[in-house]
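First up is the structure itself, then whatever we jot down about it.
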Amino acid sequence: MREIEITANSKQLSATLFEANERDVLLIIASATGVKQEYYQKFAQFMCEQGVSVITFDYNGIGRSLKQPIQQVRNNASDWGRNDLESVIQYGIQHFPTARKVLLGHSIGGQLIGLAKSAPKIDKILLVASQSGYWKFWQGFERVKMWFNWYVLFPVLISTFGYLYSKKITGMENLPSKVANQWRNWGKHSNYILSDPSIQAFYYEKIKSAITAYSIEDDFFAPKEAVQWMTRQYSQAPKKEVRLTLEDLNTSSIGHFGVFKEKFRDTIWPQFLKEIKH
0 MREIEITANS
10 KQLSATLFEA
20 NERDVLLIIA
30 SATGVKQEYY
40 QKFAQFMCEQ
50 GVSVITFDYN
60 GIGRSLKQPI
70 QQVRNNASDW
80 GRNDLESVIQ
90 YGIQHFPTAR
100 KVLLGHSIGG
110 QLIGLAKSAP
120 KIDKILLVAS
130 QSGYWKFWQG
140 FERVKMWFNW
150 YVLFPVLIST
160 FGYLYSKKIT
170 GMENLPSKVA
180 NQWRNWGKHS
190 NYILSDPSIQ
200 AFYYEKIKSA
210 ITAYSIEDDF
220 FAPKEAVQWM
230 TRQYSQAPKK
240 EVRLTLEDLN
250 TSSIGHFGVF
260 KEKFRDTIWP
270 QFLKEIKH
């Protein structure tokens, strides 16, 4: 495991390379919103032990890629896909030219894949709880909460602090204002990210590599219907949908972030490994 830096649109992204002896398979992990790359470290180490090299990274404005006061960060959420993720994919292509290349997109990470120009060069994609954030995909009180987040809470927090003050509220890393504003605007539209006129190029329909898309039974951040909507945007790719349930995994909880916890080392992680290698 060693820290590396990858240049993305003249900015330096902090990344970590877990290099396996074989160098036959490379996994790139695109993180969830406001989640630092360290969260995936034990999962990445497990994959490395199984012969899979892994790259984790922090988006610009997050974790070790936050190089300035957060109020001064000017990139938006789509920049994370078209610049940051794109640059990491290019790094993987350059440094692992003969390896099978796999992308794992967690939550927003799976949404951003369709903004990266080089994504069609990837051999396999795993979407883990990658969803539309359109608030009407939620039901009951959860729908009210999502509406409140997009229309009330986010604007108030951003205008008050100059960024999305979220770390002490949700545990999620604070978000630069342009990231949070673009994200909430997506969540107000039924076409979500596709509704954004500022995004000049989408690559979802150009991706033809196999996709395995996971939804999670007790995931209140990604309802099944929202995950299915996001998966459908990769319209030209052969797709397999997998539902992770509490009963099948003999556990009382999984949640939106739980699959990368070490307690699933012997259950979920081997499932992912099989998909990554085949």
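Take the sequence shown: its letter number 35 is residue 34 in numbering that gives the first Met the number 0, and every next letter is one higher.
Idealized CB from N, CA, C, for every residue including glycine.
Taking 4 residues as the shortest admissible run, the region 197-277 contains the following complete alpha helix (DSSP H) segments, listed from N- to C-terminal end: 223-231, 245-248 and 267-276.
With respect to Q181, N8 sits apart: the two C-beta atoms are not nearer than 7 Å.
By the beta-carbon neighbour count (other beta carbons within 10 angstroms, threshold 16), L245 is exposed. The DSSP assignment places complete alpha helix (DSSP H) segments of no fewer than 4 residues inside the region 87-165 at 107-111, 139-147 and 153-160, in order along the chain. Contact between F56 and Q36 holds, with the beta-carbon distance rounding to 6 Å and staying under 8 Å.
For A179, the enclosing alpha helix (DSSP H) has its first and last residue at S176 to G186. In the three-state DSSP reduction, L16 falls in the strand class (E or B). Between the alpha carbons of T159 and M171 lies a gap of roughly 18 Å. Counting along the chain, E4 sits inside the beta strand (DSSP E) bounded by residues R1 to A7. Around I3, the same chain offers A14 and L16 as residues with beta carbons nearer than 6 Å, after the five sequence neighbours per side are excluded.
Its chain contains E85, I88, Q89 and I92 as the residues whose beta carbon lies nearer than 8 Å to that of S117, once the 5 sequence neighbours on both sides are disregarded; these appear in chain order. With respect to K207, Q235 sits close: the two C-beta atoms are nearer than 7 Å. Take the alpha-carbon of W137 and the one of N190: they are about 15 Å apart. Annotation: the continuous beta strand (DSSP E) that includes A29 extends over V24 to A29.
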